[in-house]
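This report refers to the structure that appears directly beneath it.
Chains as they are written, first to last, in the numbering used here: chain A, 43 to 645; chain B, -5 to 597.
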């Protein structure tokens, strides 16, 4: 089957149709009984469909011979009952199909979601959120459309066959006349499908552009306001918006053309049947009632035929959607818990042994790192941007697996730990803060939802956030927008810091945790932290002099290697990279720098 | 104005399209209803002829063609009429469908445009509170739903109504007696449709809301994946998603069941069957000819489509109107910052600024806490004002008031003695530049980003400001230089780089008043020096408010404002504040206490 695949990503894979069908049937497994009823229902309705017209035909025959109403009565009543029966059948079928479809879709959605939750971080690094989103929402919608259509497709196909068979039995000559239309119907349906697909593609792309432009304008609204760019933005948007309209018109031409054309063809059918039929009557090869029957059957023949043609394309795109969803479900997860995982309370003794890491082949980020951190020790990692400092944190959390060497906690390789057990005992406060929508309290409690008010207050005090939280309209219960909208960068960092502290991890990694906090507040945090860090292992990645100087040991990194280690005084004396770094990196936080740089302002 | 009025006004704007639509709709329905008449005529003839032929064949066995030629010609003539009616019908059908679709897209286009422009004009406060996802779902999903309601909704609605009127009138003409059946059925019919409507409404709304909820949940858990990993919350997230998808499934299933049980169809089927039953009696009783019965039954069948269409239209009407309501509500929500009736023009700005007793609290929030409390201050033109304070002290809020992103709840702000409320917003903002705390760059080229506030700037001008902002060097370092695309589809810039582009962007506009909200922390001394230099360049020849942690910048400001929890604690120059203000003193004290600093001092 030819499938329109949309944007390709590297975990996308090709499934054969058989594979997809087999895979899909697995989801239907739990609904065997319901499915059987559905199949019976489809067959029954297809067979029954031809009977009402037959009743009419018979009644008509009798009326013609003036046989009297009593003779006609059984057929007339039969018509009533059969019609009602068909309706009931449709209702029951509709309900059963809905139930199965919705359950299956839900199952597929949740499986996709679970797979996403377990997916390696590398997976998310590589692609835009919108793309993944669309697989969970749009593609599952397309799949659900397909499911609804599949039953109709089969029932239409069955109706088509039954009706056709019956027509042949009744009058093969007239059937052939009717059949002449079939290729035209099919041809028109196929041609229009192609045109529709192309124009729909253009139109969708144009809509995508409108949405993207809209989204960006709203995201950057404050800038637009600040620069008084509203008018210009409106003009730009108008152009894109008008484009969409243009494409929509083109598409409308194709989409709206198909039905009237079919209708025209069916009129020709009526025309043909009546004319040819009449001539047959004159040749005594048919009766008037046969013609009536054919006219009645014509609708039941043409309609399914057209539907079958158009439903085929829905099924096709449903298959493509299925392929895209299964690609996510099946995307290989590299980082998983081992078979017999170690689960235990860790002490916090960390050792890196000859750790080598590269995200992209040939571009090493860490080279041969060997590092031993005693439990309870506090170390600072310093180095130029890109020296590999943050990678140490990501690797310790096992967000990524290392290429060579090993990382051990309490002498057990982290790959042997249960993943959840490992991560729950390590806290990472990163520079890049993500808060969830919800209240401030919800966010602080994220890692420890059952924390008491006292515990929450304690961490708030440690990160010196009490003052600004009090200033919020509803204090701790203030609702935050998505990603903590409404708070400044510094405030968000403080909340994220509190969140991690509340989870009470044994190992704490601070990756520029207070970079956006003002110097005074940071100093207060630092003081409070000293006590807190006493009984846990901490790794601090920082550019602030004060933070670094408080640590037991400083690790100096350069281009993925550890080049020096020791305390501040020792390293300064060594006159190596650290003292050089100090001169360029940290000096600007000293008073001396302030007067030095002040020259810039006084030119 | 209600959302219904608003929607209808949008619809009525397209009078021409509407007229064409109606004209062709009536032609279409006329031809649809007339066809059964022709079919009936033919049957009348055929029945007569078969009778004649039979008796004739028995008596003579002679050629039939000759004898019945006139009758056959009559049939051919009627057949041709059917054909012509068919072609006219197809043509009219196409035209009306196409025009309807165009109408729908045109209305959607206009609504989207209105909505977009309205969103741009909304106050900053609005954008701070409302989720982007919420706006986007209205701009995309809801506008699409409205579109579907218009096409094919409107067409269906009129088609169904007109078909009903036409067919029923013809039926009355043929047999008033039989038509009385319809009359009896009518109340049930109306009840069925109303009942359907009533059941579906809450479900439609619930479905829309649940869909939106699910989408934002999904988005959040995808963007916040690192935090989820960090706190090992995967299972909780899955559980929650499971609950939400379950809810959606239940809603969808309910909806499917309601739709399947749409019993107006059953009523129509029953009426057709009963008319046939009764009609056949009338024929045997001699009150009705066979041809009339055929016409009548065929007419009844044309009622099937409207019944189905009514059901569909009602469903989509609900969804469409709910969508219109959502869009309209968001547009109507909340005030704009009011523009003065006769604005005073601000030109040749000196940059003298006066805050007079300014208080502010965010509206629509439960507590009455003021974010700013009675701030009074005068700033001379051309001076540099540094604002310092703890997070949440109101620094950024004060600046938002100056730009009139909000209006103060109390007090006034003057620029060069003119109350900013008396100026046009565009006039005010054209003189104020801003470099935000979180730099937002558009996914365009660097050149476009710098030229954002002055789109017709030459490359020379752009390069000049980029140099002043210390950005030229790294921009030239990219392969494509100024044509490098930034953001999701392009290169990722570091915080410092973004900031310098923002500085260039502000410099190009050359505002008389500049607000610099500087939350970034420097990476290394070289970058720091560059940023400081860029800032120093920016300060020249304008009034600048600067919120920063950079002590050198603070120290060199003409005036320093010390804010604390919304109060202006102190203001003055560095030399004075260091002696009088404890908070301020502490900021610098910290650094003078640091060992390296002490060592230098001791030396």
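Using N, Cα and C, we set each Cβ at its ideal position, and we do this for glycine too. Please read all numbers here as calculations on a predicted model, not as lab measurements.
Restricting attention to B:456, B:264, B:154, B:423, the CA atom closest to the CA of residue 120 of chain A is found in B:264. Around the beta-carbon of residue 557 of chain B, 16 or more other beta-carbon atoms lie within 10 Å, marking it buried. Going by DSSP, residue 567 of chain B is part of no alpha helix (DSSP H) at all; its letter is neither H nor E. Neighbours of residue 470 of chain A in chain B, taken as residues at a C-beta separation under 8 Å, are given in chain order as 224. Across the set A:361, A:511, A:497, the C-alpha of A:361 shows the shortest separation from the C-alpha of residue 184 of chain A. Under the 9 Å criterion on CB atoms, residue 152 of chain B is classed as non-interfacial with respect to chain A. CA-to-CA, the gap between residue 469 of chain A and residue 594 of chain A works out to about 19 Å. Only buried fits residue 402 of chain B, as 16 or more other CB atoms lie within 10 angstroms of its CB. Leaving aside the five residues that flank residue 182 of chain A on each side, the residues in its chain whose CB is nearer than 8 Å to its CB run, in chain order, 147, 150, 151, 154, 363, 367.
Interface residue (Cβ-Cβ distance to chain B less than 9 Å): residue 202 of chain A is not classified as such.
Close partners of residue 113 of chain B in chain A (Cβ separation under 7 Å): 260. Annotation for residue 414 of chain B: no beta strand (DSSP E) segment contains it, and DSSP assigns it neither H nor E. Around residue 190 of chain B, the same chain offers 256 as residues with beta carbons nearer than 6 Å, after the five sequence neighbours per side are excluded. Contact of residue 352 of chain B with chain A is not assigned, every C-beta pair being separated by 9 Å or more. Taking a Cβ-Cβ threshold of 8 Å, the residues of chain A close to residue 130 of chain B are 253, 256, 257, 260, in chain order.
Neighbours of residue 287 of chain A in chain B, taken as residues at a C-beta separation under 9 Å, are given in chain order as 96, 99, 100, 102, 103. Between residue 88 of chain A and residue 178 of chain A, the CB-CB gap reaches or exceeds 9 Å. Between residue 284 of chain B and chain A, the shortest Cβ-Cβ separation is below 9 Å. The residues 169, 273, 276, in chain order, have a CB closer than 7 Å to that of residue 282 of chain B in the same chain once the five nearest residues on each side in sequence are set aside. In the DSSP assignment, residue 351 of chain B falls within the unbroken beta strand (DSSP E) covering 347 to 354.
A distance below 6 Å between beta-carbons, with the five flanking residues on each side excluded, links residue 30 of chain B to the following residues of its chain, in chain order: 289, 292, 293.
Using beta-carbon distances, residue 316 of chain B does not count as an interface residue toward chain A, since no partner is under 9 Å. The beta carbon of residue 95 of chain A is closer than 8 Å to those of 335, 338, 339, 342 in its chain, skipping five residues each way along the sequence. In the structure shown, the three-state DSSP call for residue 302 of chain A is helix.
In terms of CA proximity to residue 110 of chain B, B:130 leads the group B:130, B:562, B:124, B:125. In this chain, the alpha helix (DSSP H) harbouring residue 190 of chain B covers 170 to 217. In the three-state reduction of the DSSP assignment, residue 459 of chain A falls in the strand class, which pools E and B. Chain order gives the chain A residues near residue 437 of chain B as 258, where near means a beta carbon separation below 7 Å.
As the crow flies, the alpha-carbon of residue 146 of chain B is around 34 Å from that of residue 82 of chain A. Listed by position along chain B, the residues whose Cβ is nearer than 7 Å to that of residue 267 of chain A are 118, 399, 423. By the CB criterion at 9 Å, residue 435 of chain B and residue 492 of chain B fall inside the cutoff.
Residue 398 of chain A: member of the beta strand (DSSP E) spanning 392 to 402, first to last residue.
One finds nothing in chain B with a Cβ atom closer than 7 Å to the Cβ of residue 71 of chain A; even the nearest lies about 18 Å away.
Annotation for residue 408 of chain B: the continuous beta strand (DSSP E) segment containing it runs 404 to 409. Per DSSP, reduced to three states, the secondary structure at residue 604 of chain A is strand. Check the Cα spacing between residue 80 of chain B and each of A:303, A:619, A:591, A:188: the tightest is with A:303.
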